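*Asks:*
2 protein chains.
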Amino acid sequence: MGAEASDLEWKKGSAELLILSLLEARPRHGYEISKLIELRSRGAVRYHVASLYPLLYRLEKRGWVEGRWVEKSGQRRRRYYRLTSLGRKVLASQRRGWQRFVEAVDRITGRIVEVEHA
Amino acid sequence: MGAEASDLEWKKGSAELLILSLLEARPRHGYEISKLIELRSRGAVRYHVASLYPLLYRLEKRGWVEGRWVEKSGQRRRRYYRLTSLGRKVLASQRRGWQRFVEAVDRITGRIVEVEHA
DNA sequence: CTCCCATATATGGCACGTCCATATATATGC
DNA sequence: GCATATATATGGACGTGCCATATATGGGAG
Numbered sequence: 001m002g003a004e005a006s007d008l009e010w011k012k013g014s015a016e017l018l019i020l021s022l023l024e025a026r027p028r029h030g031y032e033i034s035k036l037i038e039l040r041s042r043g044a045v046r047y048h049v050a051s052l053y054p055l056l057y058r059l060e061k062r063g064w065v066e067g068r069w070v071e072k073s074g075q076r077r078r079r080y081y082r083l084t085s086l087g088r089k090v091l092a093s094q095r096r097g098w099q100r101f102v103e104a105v106d107r108i109t110g111r112i113v114e115v116e117h118a
Numbered sequence: 119m120g121a122e123a124s125d126l127e128w129k130k131g132s133a134e135l136l137i138l139s140l141l142e143a144r145p146r147h148g149y150e151i152s153k154l155i156e157l158r159s160r161g162a163v164r165y166h167v168a169s170l171y172p173l174l175y176r177l178e179k180r181g182w183v184e185g186r187w188v189e190k191s192g193q194r195r196r197r198y199y200r201l202t203s204l205g206r207k208v209l210a211s212q213r214r215g216w217q218r219f220v221e222a223v224d225r226i227t228g229r230i231v232e233v234e235h236a
């Protein structure tokens, strides 16, 4: 009942948002996503493969991304994931949610100061 | 090894940071913390009691907060938690960590744009 | 030529945190 | 007298990240 889905799935990892964001520009394979997260976050965020791959399967199962195998001589086969149109909508929604969450945390932790009852 | 504590425990909930922050100003009891989180986040963040109380026990066990029972006629007994000096240090550290994490997520999700290889 | 490392994907099992449901206890409003 | 808000407590279900490990291939060091 009430809204759809929990508004604060953030409590358990923002991994979904990160992956969907990285797939926005173009399709990427798992290992690339992993390294890109590490690189762009300057080492602050790092997902282990045992977390990342199952997550990609979940995203695909939900229809947010779509994977296809690409084989090239001279390298191991890779599975490239591209964002589906549904995935794009989910990403937009998750971006808004993340924004709201960060603001909420800031208000609670006092970075945004408010008067506390009279 | 390496640093102390995991740098990114954020992946599983920022509840610790929120609670420690709220106890910074003054001691509070569980129910008050719960309501305050809900109020200040404008409903965006809401912890269920079954999450909150066990978390408070954990924080106390780690020596970050200290609880004491307060009984007043006309109301049910309450357990007030105050931030210990160790808790204050942890809070400062977690605040920095949260800050770094938000920046990292922003860089990954593209809110902070960067050039991507030549 | 062999060993090791980086690349690249895959998975079983453990640990831990959050939620649901439920329980207890007291003061207030209807 | 009963429902509701306050206030704390807990067993069990469930999801998800991590550790360890496995497979496969190319390139560099020795």
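So the protein lines, in turn, are chains A and B.
Residue numbering for the first sequence follows the numbering used here, beginning at 1 and increasing consecutively.
Residue numbering for the second sequence follows the numbering used here, beginning at 119 and increasing consecutively.
Virtual Cβ for every residue (Gly too), placed ideally from N, Cα, C.
Bear in mind that the values here come from a model prediction, so they are computed numbers and not experimental data.
#1: Going along chain A in order, which residues have a C-beta closer than 8 Å to the C-beta of B:V220?
#2: DSSP three-state call for B:R195: helix, strand or coil?
#3: Could you give the residue range of the beta strand (DSSP E) that holds B:R186?
#4: Got a sec: which bits of the segment 138-150 of chain B sit with their beta carbon under 9 Å from any beta carbon on chain A, in order along the chain?
#5: Going along the segment 36-57 of chain A in order, which residues come within less than 8 Å of chain B, judged by CB to CB distance?
#6: Spell out a yes or no on whether the segment 191-203 of chain B and the segment 83-93 of chain A are touching, meaning 3 or more CB-CB pairs, one atom from each, closer than 8 Å.
#7: Exposed or buried, what is A:S21 when buried is set at 16 or more other beta-carbons lying within 10 Å of its beta-carbon?
#8: Kindly indicate which residue of A:R100, A:W98, A:G97 and A:Y81 has the alpha-carbon position closest to the one of A:R26.
#9: With DSSP as the reference, please indicate the residues paired to A:H29 in a beta bridge.
#10: What is the DSSP secondary structure of B:R214, counted as helix, strand or coil?
#11: Below 8 Å on the Cβ atoms is my guess for A:I37 versus B:I226; work out the distance and round it to an integer in Å.
#12: List, in order along the chain, the chain A residues whose C-beta lies closer than 7 Å to that of B:R225?
#13: Of all Cβ atoms in chain B, is any one closer than 8 Å to the Cβ of A:L18?
#14: At a CB-CB cut-off below 7 Å, which residues of chain A make contact with B:S132?
*Replies:* Taking the structure as given:
#1: Indexing the second sequence from 1 puts residue 220 of chain B at position 102. V102, listed in chain order.
#2: In the second sequence, residue 195 of chain B corresponds to position 77, counting from 1. Correct three-state label for B:R195: coil.
#3: As a first step, residue 186 of chain B must be located in the second sequence, where it is residue number 68. Unbroken beta strand (DSSP E) run through B:R186: V183 to V188.
#4: L138, S139, L140, E142 and A143
#5: L36, I37, R40, S41, R42, A44, V45 and R46
#6: no
#7: Counted from its first residue, the first sequence places residue 21 of chain A at position 21. That one is buried.
#8: As a working mapping, residue 26 of chain A is identified with position 26 in the first sequence. Of the candidates A:R100, A:W98, A:G97 and A:Y81, the one whose C-alpha sits nearest the C-alpha of A:R26 is A:Y81.
#9: For the purposes of this step, residue 29 of chain A is taken as residue 29 along the first sequence, with counting starting at 1. Paired residue(s): A:Y80.
#10: What you label residue 214 of chain B is simply residue 96 of the second sequence in a count that begins at 1. DSSP places B:R214 in helix when its eight states are reduced to three.
#11: Position 37 of the first sequence, counted from the first residue, corresponds to residue 37 of chain A. Position 108 of the second sequence, counted from the first residue, corresponds to residue 226 of chain B. Their Cβ separation, rounded to whole angstroms, is 6 Å, which keeps A:I37 and B:I226 in contact under 8 Å.
#12: Mapped onto the second sequence, residue 225 of chain B falls at position 107. Residues of chain A passing the Cβ test: R40 and S41.
#13: Mapped onto the first sequence, residue 18 of chain A falls at position 18. Yes, its Cβ sits closer than 8 Å to a Cβ of chain B.
#14: For this step, residue 132 of chain B is matched to residue 14 along the second sequence. Under the 7 Å cutoff, chain A gives V105.
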